[in-house]
Every structure is written in C-alpha cells, then in structure tokens.
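*Asks:* This is the structure I want to talk about, given as structure tokens.
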Amino acid sequence: RAFKGNLVVPDFKDFCNRLQILFNEVKANVSHTAGKNADYIPKLAQISPNYFGMSVCTIDGQRFQLGDANIEFSVQSCCKPLTYCFALEEHGEEKVHKHIGREPSGVAFNSICLNSKDRPHNPMINAGAIMACSLIKPKEPIYERFQYVNEQLSKMSGGLKWGFSNIVYQSEKMHADRNFCLGYMMQGKKAFPPGTNLHDTLDFYFQCCSLETDCNKLAIAGATLANMGECPTTGMKVLKSRTCRDSLSLMYSCGLYDYSGEWAFKVGIPAKSGVSGSIYAVIPDFGCISIYSPPLDSIGNSVRGVEFFTRLVDEFIFHNF
Ligand code: DON
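Counting from 1 along the sequence shown, just add 102 to a position and that's the residue number in full-length UniProt numbering.
Laid out in structure tokens, this is it:
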C-alpha cells in the first residue's frame, strides 16, 4: 500500500504530530486528580494515577505511541468485546443471542438486572460477559479455554503475548459477590446453556478480566476489528467479518457503561472502556486508538480517556456521522 501510495493515512507523520499536541493538551488540562482509580479490586487502587499512554495502529499497520503505551495493565472489561467475538466465532449469532440481548442496560455494568426475557442486556456488561464466557469451548477444561482465549488475543495483536496477573485474579475472586449474585440469578432463570458449570464459568470470567495488556497490543487488537478480522501487522485472518461487525455494533451502543448513549452522540466511534482506566476506540476502515489513564469518573470511565476522544473528534472526522 505504501508503494502504491494508498495508505489509509498518507501523511502519518503529520497525523501523529497532531495526536501528540492533543495528548499533551489533555495531560496539561485534565489533572490525574480529576478522577479516582477503581478501588473495588484493591490491586487496581495501588496503580500510579499518573500513567498516561496512547497508541494507534491503522488497518495497514502504521503505528505510533505516546507516553506510557508500554505499561502493562489489567485488561478488565476491555476483554468483553473480544470474548463476545470468540463466542460468536464458535456458535454464530443466533445461538449466542439466545443467551444474551443486544440492548444497552442503561444502568451500571455490575447491576443486578436482566432484560424482559431473563437474559443479560448485552455482552459488554458483567452479566453478558459472564454468559459469553460460558459459551467459549464449554466442554473443555478451564485451562484449555483460557489458553484458547489467550492465543486468539495474541493473534489479534500481531503475535504479541498478553500477560496475566495472579494478584488481580485473586483480588477479583475475593471481591466478586456481585458477579456471583449475577451468576446465580442467571442460573436460577435457566439462562445458561445446558450443562454449564457456574463456578467454572465465573472462574474463567475472572481469569479473562485478569489478563494484562498494554496500549500497543490493545491498539493492534482493535485494528484487527477495524480491519474486519485481519490483523494489520501479520495479515492473519483471525475473525470473520460478520463477527467484527456484530461486536463493533454493540461496542457502539453499549461500550462505555451508562455513558454509552452520550459517547455515541458526542464521540460516535465504537469503543470499550475498562475499570483499570483503558479505553480503545475502533474506527472501521481506519484503525484503533487506545488510551490508558487509571483515574475514573463517577461512571467508571477513564477521565483523560473520555476527554482525549472527545477532543479527537473535534479535530478529525472520525465521528460516524
Ligand atoms: O467483573 C468485574 O467486576 C470486573 N473485573 C470487570 C470490570 C470492568 O472493567 C467493568 N466492566 N464492564
């Protein structure tokens, strides 16, 4: 593409200079004290609130990073659109959506609620992500299921390996009353596929949340979604186009907790946030931009992350409309 002169961002250097200015403005104008690290998982409260990183990967593999883009962080809910993809790849849309809805819930990600059909509202909130986990290789032992997810994530990230924090995992398990409550409620409503072992499913979900990544890997994985399943840095086809379309649609409507409607209106790009302070935004036919900054607003989204993307769409024509 470079030789033919048809890169998606022909003047990548100029684009990166403008990103740098934006990043510096957010760093200068939005104090890290404007939000607060998540503390319901004690380990997350101990992370430096000063970390601020950004990474971009285009669908043709041009890459650029700023600040703490190499710092590993707990992936938390940023995994949810990806585990949903793996469930779709295995079972297809019809089967997956017998168990999970497609509407925003309008309430907090860990709210104890189901939709009118006694199913989780969507795969981007805890109940839906637990359900998606129950659908991934259900007949295999958990270690095989975890290995599968880890390998798929690595393929989506150009072969780079994702880590795992046993400390976060243990911490997550010890503070999981709400997730257990969601699990039992769904089990009580017979929402899981027959044969699901609830404790295994929850354990697998906690393991997925405790994976570790950084802005660079997340940007490549997001760019694989933007590129309809083909990893831009390796050319490997990891996901079907239809899987990417489905996941991006729900990231667009449900990816930012109960700020999702505001985000779709103001920023207009499919994205997902996680409680460790990351947000990645997937711009179809362009690529992905990921941000990491741990302090969160009252809804649970990275304060600097939301500000960065809000300013980004003032500067570039990335908003869908
Ligand atoms: O289930 C939990 O509580 C978390 N580990 C998931 C955190 C998260 O980022 C919230 N997401 N929807």
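Just so it is clear, CB atoms sit at the ideal spot from N, CA and C, and this is done for glycine as well.
At 3 residues or longer, what runs of the beta strand (DSSP E) sit wholly inside the stretch 288–374?
*Replies:* Those beta strand (DSSP E) runs which fall completely within the stretch 288–374 and span 3+ residues are 313–315.
*Asks:* In terms of residues, what are the limits of the beta strand (DSSP E) holding Y382?
*Replies:* Unbroken beta strand (DSSP E) run through Y382: S380 to I385.
*Asks:* Using a beta-carbon distance below 8 Å, is G203 in contact with chain D?
*Replies:* You won't find chain D in this structure, because it holds only one protein chain.
*Asks:* Starting from M156 and walking both ways along the alpha helix (DSSP H), at which residues does that stretch end?
*Replies:* From DSSP, M156 is part of no alpha helix (DSSP H) but of the beta strand (DSSP E) over G155 to T160.
*Asks:* Among H277, T315 and G208, which residue has its Cα nearest to the Cα of G394?
*Replies:* Note that residue 394 is Tyr in the sequence shown here, rather than Gly. With distances taken between Cα atoms, Y394 lies closest to T315.
*Asks:* Taking 7 Å as the cut-off, is the beta-carbon of V128 closer than that to any non-hydrogen atom of the ligand DON?
*Replies:* No, since every heavy atom of the ligand DON falls outside the 7 Å radius drawn around the Cβ of V128.
*Asks:* Tell me I391's beta-bridge partners as DSSP assigns them.
*Replies:* Beta-bridge pairing links I391 to V158 and A383.
*Asks:* Between the C-alpha atoms of I161 and L168, what's the straight-line distance to the nearest angstrom?
*Replies:* Distance between the alpha carbons of I161 and L168 is about 19 Å.
*Asks:* Is F388 buried or exposed, if buried means 16 or more other CB atoms sit within 10 Å of its CB?
*Replies:* Classification of F388: buried, given that the 10 Å Cβ count is 16 or more.
*Asks:* With a threshold of 8 Å, are at least 3 pairs of Cβ atoms found where one atom belongs to the stretch 244–257 and the other to the stretch 279–290?
*Replies:* No, because fewer than three Cβ pairs between the stretch 244–257 and the stretch 279–290 fall closer than 8 Å, the two stretches do not touch.
*Asks:* Just the C-alpha distance for E192 and I238, rounded to the nearest angstrom, thanks.
*Replies:* Answer to the nearest angstrom: the Cα atoms are 7 Å apart.
*Asks:* Reducing DSSP to helix, strand and coil, say where L168 ends up.
*Replies:* The answer is strand: DSSP assigns L168 an E or B state.
*Asks:* Considering just the uninterrupted stretch of the alpha helix (DSSP H) at I214, what are its terminal residues?
*Replies:* First-last for I214: undefined, no H or E at that position.
*Asks:* Hey, V177 and R406: beta-carbon distance below 8 Å or not?
*Replies:* No, they are not a contact pair.
*Asks:* Below 7 Å, is the gap between the Cβ of F248 and the nearest heavy atom of the ligand DON?
*Replies:* No, Cβ of F248 sits at least 7 Å from all heavy atoms of the ligand DON.
*Asks:* F266 bridges to which residues according to DSSP?
*Replies:* Its beta-bridge partners are L313.
*Asks:* Taking 7 Å as the cut-off, is the CB of E274 close to at least one heavy atom of the ligand DON?
*Replies:* Answer for E274: yes, Cβ within range of the ligand DON.
*Asks:* In the DSSP assignment, the alpha helix (DSSP H) including residue 72 goes from what residue to what residue?
*Replies:* The displayed coordinates of the chain run from 103 to 423. Any statement about residue 72 would go beyond what the structure contains.
*Asks:* Helix, strand or coil for S404? Go by DSSP, reduced to three states.
*Replies:* S404 falls in the strand class under three-state DSSP.
*Asks:* Just to confirm, is the Cβ distance from I202 to N224 under 8 Å?
*Replies:* Yes, the Cβ-Cβ distance between I202 and N224 is below 8 Å.
*Asks:* Within 10 angstroms of its Cβ, does G260 collect 16 or more other Cβ (buried), or is it exposed?
*Replies:* Per the 10 Å Cβ criterion, buried.
*Asks:* Beta-carbon within less than 6 Å of N422's beta-carbon, same chain only, minus the 5 sequence neighbours each way: which residues are those?
*Replies:* Taken in chain order, the residues that qualify are G370.
*Asks:* If we count the other Cβ atoms within 10 Å of its Cβ and call it buried at 16 or more, is R221 buried or exposed?
*Replies:* It counts as buried.
*Asks:* Measuring only the C-alpha atoms, how far is E364 from C356?
*Replies:* One C-alpha to the other measures close to 11 Å.
*Asks:* Would you be able to state if there are at least three C-beta pairs under 8 Å between the stretch 336–355 and the stretch 180–190?
*Replies:* Contact holds: three or more Cβ-Cβ distances are below 8 Å.
*Asks:* Indicate the three-state DSSP secondary structure (helix, strand or coil) for K129 in the structure shown.
*Replies:* Helix at K129.
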